[in-house]
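See structure below.
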Ligand SMILES: Nc1ncnc2c1ncn2[C@@H]1O[C@H](COP(=O)(O)OP(=O)(O)O)[C@@H](O)[C@H]1O
Ligand SMILES: [Mg+2]
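Residue numbers (the working numbering): 44 to 278.
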């Protein structure tokens, strides 16, 4: 579904992604784990067209998309939930969700997707008229995910959805990520919470200072001593 071949991404002189290659098959949850500053967000931003790789290629369903504008990439079927869940604080929950569908014209399917999103996140339905800035952190994360789903993506990019949330909410968010996947959406999940991420992923990549240093099934990586020492608290 997604094939990244040897991309190099820079911020000025800073070489942020160094020859990264990665692939995602339809239906998978793939997780990308790594420490703060490793390049996880940079990779998601490059896939969604916010950054352009200097070299290398990105193929989505066989089409070259590296360097294409974000709107086109959303139209092709990739949605990105950025780190820090940027919702439009002065707009209602419902207006934020409508924005997620702004490139679509299929009114009937859009209203079906409203139902689906409200089914996944009943809390958003209860608060649909409320200003988004008044939501809790967990509710804003749900809204950011709901807004991304309103584009009806086939591939969903999630950047640290559990960041800053209480443990119970983290569990809820991960359960919903699994539900979204089971309803047919492929997922690339970026996390610092490696234990939780490996528990729902089929495969994983580990990134360190801009380079992929390990990959395998989630079970393999979860059992690797080296990975456990570095990312799983050594347990
Ligand atoms: N806008 C930027 N300008 C310059 N350097 C950046 C910018 N954003 C990120 N970086 C640098 O790129 C590297 C990777 O950052 P990032 O992708 O945000 O890491 P992660 O998401 O894994 O924490 C870091 O060294 C970071 O300081
Ligand atoms: Mg990040």
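C-beta: ideal position from N, C-alpha, C; glycine also.
Residue i: CB within 7 angstroms of a non-hydrogen atom of ligand 1
i	result
residue 61	no
residue 248	no
residue 57	yes
residue 81	yes
residue 99	no
residue 274	no
residue 92	no
residue 77	yes
residue 54	yes
Distance, residue j Cα to residue i Cα
i	j	result
residue 104	residue 57	30 angstroms
residue 183	residue 48	34 angstroms
residue 141	residue 148	12 angstroms
residue 98	residue 139	35 angstroms
residue 270	residue 264	6 angstroms
residue 71	residue 44	10 angstroms
residue 212	residue 180	10 angstroms
residue 198	residue 272	31 angstroms
residue 168	residue 95	37 angstroms
residue 237	residue 83	13 angstroms
residue 59	residue 79	13 angstroms
residue 222	residue 50	31 angstroms
residue 262	residue 118	34 angstroms
residue 150	residue 193	12 angstroms
residue 209	residue 275	19 angstroms
residue 200	residue 122	6 angstroms
residue 130	residue 163	18 angstroms
residue 249	residue 111	26 angstroms
residue 87	residue 202	8 angstroms
Span of the alpha helix (DSSP H), counted from its first residue to its last, around residue i
i	result
residue 136	136 to 143
residue 229	Taken as a continuous stretch (DSSP letters only), residue 229 belongs to no alpha helix (DSSP H), being part of the beta strand (DSSP E) at 229 to 234.
residue 84	83 to 90
residue 122	Taken as a continuous stretch (DSSP letters only), residue 122 belongs to no alpha helix (DSSP H), being part of the beta strand (DSSP E) at 121 to 124.
residue 186	180 to 192
Residue range of the unbroken beta strand (DSSP E) whose run includes residue i
i	result
residue 154	Taken as a continuous stretch (DSSP letters only), residue 154 belongs to no beta strand (DSSP E), being part of the alpha helix (DSSP H) at 150 to 163.
residue 246	246 to 251
residue 51	45 to 54
residue 66	57 to 67
residue 257	254 to 260
residue 211	From DSSP, residue 211 is part of no beta strand (DSSP E) but of the alpha helix (DSSP H) over 210 to 225.
residue 100	98 to 103
residue 199	198 to 202
Beta-carbon proximity of residue i to residue j, cut-off 8 angstroms
i	j	result
residue 246	residue 227	no
residue 220	residue 243	yes
residue 126	residue 185	no
residue 46	residue 115	no
residue 170	residue 124	no
residue 143	residue 113	no
residue 65	residue 233	no
residue 128	residue 156	no
residue 69	residue 177	no
residue 108	residue 85	no
Environment of ligand 2 in chain order, Cβ to heavy atom below 7 angstroms: 83, 84, 126, 202, 203, 233
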